[in-house]
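Visitor:
There are 2 protein chains.
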Amino acid sequence: MAPRQDERIRLLEGVRLFQGLNAAELSEVVGAAKRLERKRNATLFRQGQEATRFFVVLDGRVRISQIAPDGHQIIARYAGSGELFGCVPLFGGDAYPGTATAVTHCTSLSWDRSTTARLMERYPRVAVNALHLLGEELAQLRGRYQELATQRVEQRVARALVRLVGQAGKRVEEGVLIDFPLSRQDLAELTGTTLHTVSRILSAWEDHELIASGRRRVVIRRPHDLVTIAEDLGPGGHTKT
Amino acid sequence: MAPRQDERIRLLEGVRLFQGLNAAELSEVVGAAKRLERKRNATLFRQGQEATRFFVVLDGRVRISQIAPDGHQIIARYAGSGELFGCVPLFGGDAYPGTATAVTHCTSLSWDRSTTARLMERYPRVAVNALHLLGEELAQLRGRYQELATQRVEQRVARALVRLVGQAGKRVEEGVLIDFPLSRQDLAELTGTTLHTVSRILSAWEDHELIASGRRRVVIRRPHDLVTIAEDLGPGGHTKT
DNA sequence: GGCGTTCTTTGCGCTGGATCAAGCAACGGA
DNA sequence: TCCGTTGCTTGATCCAGCGCAAAGAACGCC
């Protein structure tokens with residue numbers, strides 16, 4: 028067992044899909060994987076392509092986006108280390124429903140379709156883990172769906188930022204930085220609004236010293252107040268009587 | 028094997044979750060199930076309750092709805108015969124994320140948590156099937172999410188109706204009837220808009236003889252034209268050059 | 001058969017956000 | 001260092017759809 032191998036196993040230990048496998052098994056899984064490195068802005072796969080592999084992020088951040096026939100684009104999610112993406116082959120889908128792009132330089136492991144099937148067959152635990160993870164993703168998406176259906180833009184943007192803080196927040200002197208390049212346009216596609224509206228909202232927050240932001244960069248200075256906005260019941264609710 | 032048992036097995040044969048099991052195995056599955064009958068408007072389970080069982084619709088129609096802390100309610104989906112609902116126990120969730128209500132008189136089978144786990148363990152095929160079904164639901168929801176984020180109300184309502192025709196369409200002399208009680212309010216909660224807007228849209232369509240509707244009743248007279256509205260790229264697109 | 005309840009329709013005014021349109025700022029490659 | 005590109009801001013305008021309000025219409029219960 029080469030130390031290099033050991034290192035890779037350690038990485039997989041944090042991946043919930045493979046939870047419950049022992050070192051030898053993990054080693055086998057790693058052995059079947061293909062390591063992939065991509066630099067910033069490179070594409071990992073495109074929407075509509077045949078889904079041949081599924082991926083786990085080792086390091087860096089990947090954006091999953093979808094584009095509608097009418098040209099409207101949305102960002103489905105950002106995946107960070109330990110997370111799955113392009114998991115279509117896990118459940119027998121045909122083509123990738125979205126495009127995966129490296130937002131930062133990043134590395135990932137991937138497995139092809141037949142290996143995936145073999146793994147799940149040999150280790151049913153993997154299939155069950157996959158079921159759990161998919162269930163969580165479904166729950167997440169349901170939440171965001173409801174959000175989109177019932178809340179107004181400012182709240183949605185606030186929530187998106189709160190979520191991103193959880194996924195990629197990094198303490199800096201000013202506050203908490205979203206630790207990857209994030210433009211106004213990105214936030215708009217993440218929350219179902221327009222670049223302009225996001226810009227206005229962030230400007231307003233900046234005036235209130237709630238955030239500090241720059242080009243593709245957002246720092247939350249007062250996370251708690253952002254959460255307040257995110258959870259505020261709004262004009263439909265019963266705030267400040 | 029009593030004929031009654033046979034009959035129930037036949038019902039399960041159409042359920043994709045159990046595809047691949049033989050008669051004896053299906054019989055066992057049916058044996059472990061609890062049959063449940065509910066009349067119109069009765070509740071099967073409520074949002075937030077501990078998820079003890081998962082269900083398969085045998086007959087009738089069930090509405091899955093979610094309510095947000097601010098009181099806004101949305102309808103996640105309608106499940107018809109052969110479809111799963113309340114499938115939280117399949118992937119180890121804790122509480123039901125929504126409320127299930129019988130929209131028509133309906134019957135279902137359900138299994139408790141431990142039985143579910145045992146089934147998946149004994150028949151890995153069931154776990155794989157579950158993975159596939161969950162994957163499809165995820166894909167569906169992603170589609171609807173994008174719809175909500177990028178299309179305007181009229182198109183969303185049209186799409187919702189097209190989908191409902193697929194799920195519960197029944198040919199009648201006038202056209203295709205959505206074969207369960209469906210109010211304007213329901214359509215609004217299904218498409219993320221208000222009762223009033225839906226009413227206006229349906230009234231306009233009625234004027235154009237595209238549909239015929241009444242109290243909790245919708246008949247699509249010209250399905251093709253409805254599809255056209257649903258797919259129209261709209262003012263953002265490049266239609267009719 | 002009368003009556004309360006539940007759905008639906010429709011008018012009107014308002015507004016959150018989209019759209020359109022400039023112009024400015026920061027970055028990165030040559 | 002300069003210049004082209006990409007991202008950000010901000011004003012002005014417009015309108016789809018929401019909220020409110022009030023009046024039918026169809027049901028189902030007693």
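Protein chains in written order, with this note's numbering: chain F, 28 to 268; chain H, 28 to 268. Note that beta-carbon positions come from the ideal geometry of N, C-alpha and C, so glycine has one too. As the structure is a prediction and not an experimental result, all values here were calculated from the model.
Between alanine 239 (chain F) and glutamate 201 (chain F), how many whole angstroms is the CB-CB distance? I'm expecting something under 8 Å.
Guide: On the first sequence, residue 239 (chain F) is found 212 positions in, with the first residue counted as 1. On the first sequence, residue 201 (chain F) is found 174 positions in, with the first residue counted as 1. Right, the Cβ-Cβ distance comes to about 5 Å (below 8 Å), so this counts as a contact.
Visitor: Sorted by chain position, which residues of the same chain lie with C-beta nearer than 7 Å to glycine 125 (chain H)'s C-beta, five sequence neighbours on each side aside?
Guide: The count along the second sequence starts at 1 and reaches residue 125 (chain H) at position 98. Gln74, Ile91, Ser92, Gln93 and Ala103, listed in sequence order.
Visitor: Looking at C-beta atoms only, is the number of pairs between the segment 63 to 82 of chain F and the segment 105 to 118 of chain F that lie closer than 8 Å three or more?
Guide: Flag = yes, the segment 63 to 82 of chain F and the segment 105 to 118 of chain F touch.
Visitor: Could you check how far apart the C-beta atoms of leucine 85 (chain F) and leucine 38 (chain F) are, in whole angstroms? I think they sit under 8 Å.
Guide: Numbered from its first residue, the first sequence carries residue 85 (chain F) at position 58. Numbered from its first residue, the first sequence carries residue 38 (chain F) at position 11. Contact holds; Cβ gap of about 6 Å.
Visitor: Indicate whether the contact test is met: 3 or more Cβ pairs, each with one atom in the segment 153 to 173 of chain F and one in the segment 120 to 135 of chain H, closer than 8 Å.
Guide: Contact holds: three or more Cβ-Cβ distances are below 8 Å.
Visitor: Can you name the start and end residues of the alpha helix (DSSP H) that arginine 171 (chain F) belongs to?
Guide: Locating residue 171 (chain F) in the first sequence gives position 144, where the first residue counts as 1. Where arginine 171 (chain F) is concerned, the enclosing alpha helix (DSSP H) stretches over 151 to 177.
Visitor: Give me the chain F residues within the contact set of isoleucine 101 (chain H), using Cβ-Cβ distance strictly less than 8 Å, ordered along the chain.
Guide: Your numbering for residue 101 (chain H) matches position 74 in the second sequence. Under the 8 Å cutoff, chain F gives Tyr172, Gln173, Ala176 and Thr177.
Visitor: Using a Cβ-Cβ cutoff of less than 7 Å, which residues in the same chain neighbour leucine 160 (chain F) once the five nearest sequence positions on both sides are dropped?
Guide: Locating residue 160 (chain F) in the first sequence gives position 133, counting from the first residue. Hits under 7 Å: Arg43, Leu44 and Leu111.
Visitor: Glycine 196 (chain F) and valine 203 (chain F) - do their beta-carbons sit closer together than 7 Å?
Guide: Numbered from its first residue, the first sequence carries residue 203 (chain F) at position 176. Numbered from its first residue, the first sequence carries residue 196 (chain F) at position 169. Contact flag set, yes.
Visitor: Return the CA-CA distance between isoleucine 36 (chain F) and glutamine 46 (chain F), expressed in angstroms with no decimal places.
Guide: Your numbering for residue 36 (chain F) matches position 9 in the first sequence. Your numbering for residue 46 (chain F) matches position 19 in the first sequence. Going from the Cα of isoleucine 36 (chain F) to the Cα of glutamine 46 (chain F) covers about 12 Å.
Visitor: Sorted by chain position, which residues of the same chain lie with C-beta nearer than 8 Å to methionine 28 (chain F)'s C-beta, five sequence neighbours on each side aside?
Guide: Mapped onto the first sequence, residue 28 (chain F) falls at position 1. For methionine 28 (chain F), the predicted structure reports a pLDDT of 48, less than 50, and the residue's modelled location is therefore unreliable. A value from the coordinates is still provided. Only Ser54 meet the Cβ criterion.
Visitor: Please state whether DSSP places alanine 274 (chain F) in a helix, a strand or coil.
Guide: Past the edges of chain F, shown from 28 to 268, lies residue 274 (chain F), and the structure says nothing about it.
Visitor: DSSP three-state label for valine 275 (chain F), please.
Guide: A query on residue 275 (chain F) cannot be resolved here, the shown segment of chain F reaching from 28 to 268 and no further.
Visitor: Within a Cβ cutoff of 7 Å, which residues of the same chain sit near leucine 237 (chain F), ignoring the five residues on either side of it in sequence?
Guide: Here residue 237 (chain F) corresponds to residue number 210 of the first sequence, with the count starting at 1. If we look at leucine 237 (chain F) and ignore the five residues flanking it on each side, its Cβ neighbours are Arg248, Arg249, Asp252 and Leu253.
Visitor: Candidates H:Asp234, H:Arg152, H:Val246 and H:Glu233: which alpha carbon is nearest leucine 209 (chain H)'s?
Guide: Locating residue 209 (chain H) in the second sequence gives position 182, counting from the first residue. Residue H:Val246 is the option with its Cα nearest to leucine 209 (chain H).
Visitor: Within 6 Å: the Cβ of serine 230 (chain H) and any heavy atom of the ligand SAM?
Guide: Within the structure as shown, the ligand SAM is missing, as the structure has no ligands at all.
Visitor: In chain order, what residues of the segment 154 to 170 of chain H put their CB closer than 9 Å to some CB of chain F?
Guide: Here the close residues are Ala154, Val155, Ala157, Leu158, His159, Leu160, Leu161, Gly162, Glu163, Glu164, Leu165, Ala166, Leu168, Arg169 and Gly170.
Visitor: List, in chain order, every chain F residue whose beta-carbon is nearer than 9 Å to that of leucine 117 (chain H).
Guide: Reading the second sequence from its first residue, position 90 is the one you call residue 117 (chain H). The answer, in chain order, is Leu158 and Gly162.
Visitor: So with CB distances below 8 Å, who are the chain H contacts of glutamine 93 (chain F)?
Guide: Counting from 1 along the first sequence, the entry for residue 93 (chain F) is found at position 66. Those within 8 Å of glutamine 93 (chain F) in chain H are Arg169 and Gln173.
Visitor: Beta carbon of threonine 142 (chain H), beta carbon of alanine 59 (chain H): below 7 Å?
Guide: Indexing the second sequence from 1 puts residue 142 (chain H) at position 115. Indexing the second sequence from 1 puts residue 59 (chain H) at position 32. Yes, the pair counts as a contact, with Cβ atoms nearer than the cut-off.
Visitor: Leaving aside the five residues before and after phenylalanine 82 (chain H) along the sequence, list all residues of the same chain whose C-beta is less than 6 Å from its C-beta, in chain order.
Guide: What you label residue 82 (chain H) is simply residue 55 of the second sequence in a count that begins at 1. Excluding positions up to five away in sequence, the list reads Phe112, Gly113, Ser135 and Ser137.
Visitor: Measure the Cβ-Cβ separation of phenylalanine 207 (chain F) and threonine 131 (chain F) and say whether it is below 7 Å.
Guide: Working through the first sequence from its first residue, we reach residue 207 (chain F) at position 180. Working through the first sequence from its first residue, we reach residue 131 (chain F) at position 104. Yes; because the gap between Cβ atoms is below 7 Å, this pair is in contact.
Visitor: Thinking just about the alpha-carbon of each residue, which of H:Arg179, H:Ala176, H:Cys133 and H:Gln182 is nearest to the one in lysine 66 (chain H)?
Guide: To locate residue 66 (chain H), count along the second sequence from 1; it is residue 39. When only C-alpha atoms are compared, the closest one is H:Cys133.
Visitor: Mind checking the segment 198 to 219 of chain H against chain F and listing, in chain order, the residues whose C-beta falls within less than 7 Å of any C-beta there?
Guide: Here the close residues are Gly219.
Visitor: Starting from the beta carbon of glycine 75 (chain H), find every residue of chain F whose beta carbon is closer than 8 Å, and list them in chain order.
Guide: Numbered from its first residue, the second sequence carries residue 75 (chain H) at position 48. Those do not exist, as glycine 75 (chain H) stays about 13 Å from chain F at its closest Cβ, beyond 8 Å.
Visitor: Under a three-way DSSP split, which group does phenylalanine 207 (chain F) fall into?
Guide: Working through the first sequence from its first residue, we reach residue 207 (chain F) at position 180. Phenylalanine 207 (chain F) falls in the coil class under three-state DSSP.
Visitor: To the nearest angstrom, how far is it from the Cα of arginine 140 (chain H) to the Cα of methionine 147 (chain H)?
Guide: As a working note, residue 140 (chain H) is residue 113 in the second sequence. As a working note, residue 147 (chain H) is residue 120 in the second sequence. The alpha-carbon atoms of arginine 140 (chain H) and methionine 147 (chain H) are separated by roughly 11 Å.
Visitor: Is DSSP giving leucine 38 (chain F) helix, strand or coil here?
Guide: As a position in the first sequence, residue 38 (chain F) is number 11, starting the count at 1. Of the three classes helix, strand and coil, the one that applies to leucine 38 (chain F) here is helix, per DSSP.
Visitor: Can you tell me which of H:Phe72, H:Leu222 and H:Pro151 puts its alpha carbon nearest to the alpha carbon of leucine 48 (chain H)?
Guide: Residue numbering aside, residue 48 (chain H) sits at position 21 when the second sequence is read from its first letter. Nearest C-alpha to leucine 48 (chain H): H:Pro151.
Visitor: Please look up how many angstroms separate the CB atoms of alanine 187 (chain F) and leucine 214 (chain F), rounded, as I've assumed it's under 8 Å.
Guide: For the purposes of this step, residue 187 (chain F) is taken as residue 160 along the first sequence, with counting starting at 1. For the purposes of this step, residue 214 (chain F) is taken as residue 187 along the first sequence, with counting starting at 1. Confirmed, about 6 Å.
Visitor: Kindly list, in the order they appear in chain H, the residues whose Cβ is closer than 9 Å to that of glycine 120 (chain F).
Guide: Position 93 of the first sequence, counted from the first residue, corresponds to residue 120 (chain F). What glycine 120 (chain F) touches in chain H: His159, Gly162, Glu163 and Ala166.
Visitor: Closer than 7 Å, CB to CB, is proline 250 (chain H) near chain F or not?
Guide: Counting from 1 along the second sequence, the entry for residue 250 (chain H) is found at position 223. For proline 250 (chain H), the answer is no, since every Cβ of chain F falls outside 7 Å of its Cβ.
Visitor: List the endpoints of the continuous alpha helix (DSSP H) containing threonine 224 (chain F).
Guide: For the purposes of this step, residue 224 (chain F) is identified with residue 197 of the first sequence, where counting begins at 1. Run containing threonine 224 (chain F): 222 to 234, per the alpha helix (DSSP H) assignment.
Visitor: Just to confirm my understanding: we take glutamate 174 (chain H), look at its own chain, exclude 5 residues before and 5 after, and list those with CB closer than 7 Å. What are they?
Guide: In the second sequence, residue 174 (chain H) corresponds to position 147, counting from 1. If we look at glutamate 174 (chain H) and ignore the five residues flanking it on each side, its Cβ neighbours are Arg183 and Arg186.
Visitor: Tell me the DSSP bridge mates of glycine 196 (chain F)?
Guide: On the first sequence, residue 196 (chain F) is found 169 positions in, with the first residue counted as 1. According to DSSP, glycine 196 (chain F) bridges with F:Ile205.
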